[in-house]
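Residue numbers (the numbering used here): 1337 to 1606. To start, the structure under review is shown below, and the notes come after it.
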């Protein structure tokens, strides 16, 4: 950093990689970067070569000359840098989904929602920001909610032209693909969203889960009642016959089964 030029609540910083504007408006810190793509003569500035005139213009010297600009011109450019994002194509298993009413009744950019069926879904999505002033400075950040844990940010070298993202083997769930763009600053524009729904197969739906639970409870209760009935039946069928069996087969009087020997008195009397 070579110099700091104050303009109200804004700070303009000259560096060897462009011109930075630091703003603390509305309680939020923001940093914007401007380079030769925005009209500056060079990205490297001379030390202590900047000044703010009484008319509000800022003059900054560099190797190629002097840069003169009005700070609010860049503010209007920042406001116009809220880029719109369009989705030219949606592919399912590497094939573009036609607009035939089966999955898409309109283009994916107009419909912004699609419902897919299958256990493991693989799709890809194309998107691009409409930045006609400085397309090489476009930076994207995106993520697939309920799948990506954090934002994925592209570099300026990766952001030129059409963007292409792919996701494979997605389980059934409700997803939201969220993407926003910026012109090289830390503040991103409005988010563009595509809702992607992958419903579960019929045997994994909530209704079937309830049915499985009811069947389990009925089976458990029915099994318990059946077991209790069988135990009671066996007990009732064996109890009345047990004494009779013992009396008739198991127990006999000793006198009925063994020969009786005469007593001593009977032997002497003979």
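Heads up, the beta-carbon is just placed ideally off N, CA and C, and yes, glycines get one too. If you're wondering where the values come from, they're calculated on a predicted model, not measured in any experiment.
{"query": "Tell me which residue opens and which closes the alpha helix (DSSP H) that residue 1447 is part of.", "result": "1444-1447"}
{"query": "Return the bridge partner residues of residue 1513 from the DSSP annotation.", "result": "1480 and 1530"}
{"query": "Considering residue 1339, what are the terminal residues of the beta strand (DSSP E) in which it resides?", "result": "1339-1343"}
{"query": "Are at least three pairs of beta-carbons, each pair with one atom in the region 1504-1512 and one in the region 1523-1533, less than 8 Å apart?", "result": "yes"}
{"query": "I believe residue 1506 touches residue 1456 by the beta-carbon criterion, under 8 Å. Please report the beta-carbon distance rounded to the nearest angstrom.", "result": "7 Å"}
{"query": "Please state whether the Cβ-Cβ distance between residue 1397 and residue 1371 is less than 7 Å.", "result": "no"}
{"query": "How big is the Cα-Cα spacing for residue 1423 and residue 1453?", "result": "21 Å"}
{"query": "What does a CB cutoff of less than 6 Å around residue 1441 pick up in its chain, not counting 5 residues either side in sequence?", "result": "none"}
{"query": "Output yes or no for whether 7 Å exceeds the beta carbon distance between residue 1381 and residue 1394.", "result": "no"}
{"query": "Which residue from 1369, 1360, 1384 and 1366 puts its Cα closest to that of residue 1341?", "result": "1384"}
{"query": "Measuring straight from C-alpha to C-alpha, what distance separates residue 1484 and residue 1558?", "result": "46 Å"}
{"query": "Kindly indicate which three-state DSSP category residue 1581 falls into: helix, strand or coil?", "result": "Since pLDDT at residue 1581 reaches only 49, below the 50 mark, its modelled position is unreliable, and no value is offered."}
{"query": "Judging by CA-CA distance, which residue of 1518, 1375, 1568 and 1548 is the nearest neighbour of residue 1489?", "result": "1518"}
{"query": "Drop a sphere of 10 angstroms on the beta-carbon of residue 1403, count the other beta-carbons inside from all chains shown, and report buried for 16 or more, exposed for fewer.", "result": "buried"}
{"query": "Of the residues 1463, 1562, 1348 and 1400, which one's Cα is nearest the Cα of residue 1378?", "result": "1400"}
{"query": "Just to confirm the assignment: which complete alpha helix (DSSP H) runs, minimum length 4, are found wholly within the region 1366-1445?", "result": "1407-1415"}
{"query": "Could you compute how far the alpha carbon of residue 1448 sits from the alpha carbon of residue 1419?", "result": "17 Å"}
{"query": "Among 1365, 1369 and 1392, whose alpha-carbon lies nearest the alpha-carbon of residue 1351?", "result": "1369"}
{"query": "In this structure, how does DSSP classify residue 1502 when only helix, strand and coil are distinguished?", "result": "strand"}
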